[in-house]
């Protein structure tokens, strides 16, 4: 039974990072304001949300199974307080940190209509911190960190997110790249050039 | 129900025009314009669910559904 928990924790952890990778890519895709991955815009947005909620279920399973696992010896406060664990505290702490960030992102998203767009967006940017922290946690803490398959999955996830971030930073990313320039009133545009 | 667009918040991401094609159409810059030409277009009852989804999915929280 104790082994089953340990295996479940490892498996759900790996599936979580794969799902979180998909969530990050879909999030970037929905930000582009263009139909992406062969889906209309609203479908990219909904798939981003639903994949995120599925990832939360997997992460919850990952954390709860470790709470009862005799190897990890997770205490209740280890779930929220990073770097205090008994088992590989630094690597486990990264997982705790990623978990805290994920909770913040999810809760603010669920309360988005009450918090307002600006607060929601600022917290949502933490995803760019949450995802790499979760990836490093998986590579560092797991007892699978020497296996070829975990490295293959991790590298594939990293390449996918790097490509998405590259797309995000490219000039053709948003649907109307010239619109930002148009927001400046014509009579101010000359002054703006001088300031620059 | 009437659909109210907060123009200071709207960024023309185009999600609402997809979900509420019968009421909204995109202008040349991607911003939603009511097909009936009203400032706050009327949403007929069969489209209220779609309108609620558009309000929920707007990335800028620029849409509101009001009863008048």
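Chains as they are written, first to last, in my numbering: chain W, 84 to 279; chain F, 2 to 69.
We put the CB at the ideal spot given by N, CA and C, even for glycine.
- Interface flag for residue 131 of chain W against chain F is unset, since no Cβ pair is found closer than 8 Å.
- Here the alpha carbon of residue 206 of chain W sits roughly 7 Å from the alpha carbon of residue 191 of chain W.
- The beta-carbon of residue 30 of chain F is placed less than 8 Å from the nearest beta-carbon of chain W.
- Taking a Cβ-Cβ cut-off of 8 Å, the neighbours of residue 128 of chain W in chain F comprise 16, 58 and 60, given in sequence order.
- In the structure shown, the three-state DSSP call for residue 65 of chain F is strand.
- Nearest CB-CB separation between residue 134 of chain W and chain F: not below the 8 Å threshold.
- Within chain F, 10, 61 and 62 have C-beta atoms less than 7 Å from the C-beta of residue 200 of chain W, given in sequence order.
- For residue 35 of chain F, the enclosing beta strand (DSSP E) covers residues 33 to 35.
- Within chain F, no C-beta atom comes less than 7 Å from the C-beta of residue 256 of chain W; the nearest is roughly 13 Å away.
- For residue 49 of chain F, the enclosing alpha helix (DSSP H) covers residues 49 to 58.
- Taking a Cβ-Cβ threshold of 9 Å, none of the residues of chain W is close to residue 49 of chain F; the smallest such distance is about 17 Å.
- Secondary structure remark: continuous alpha helix (DSSP H) runs of at least 4 residues inside the segment 201 to 255 of chain W, in chain order: 210 to 224 and 231 to 252.
- The Cβ of residue 13 of chain F sits closer than 8 Å to at least one Cβ of chain W.
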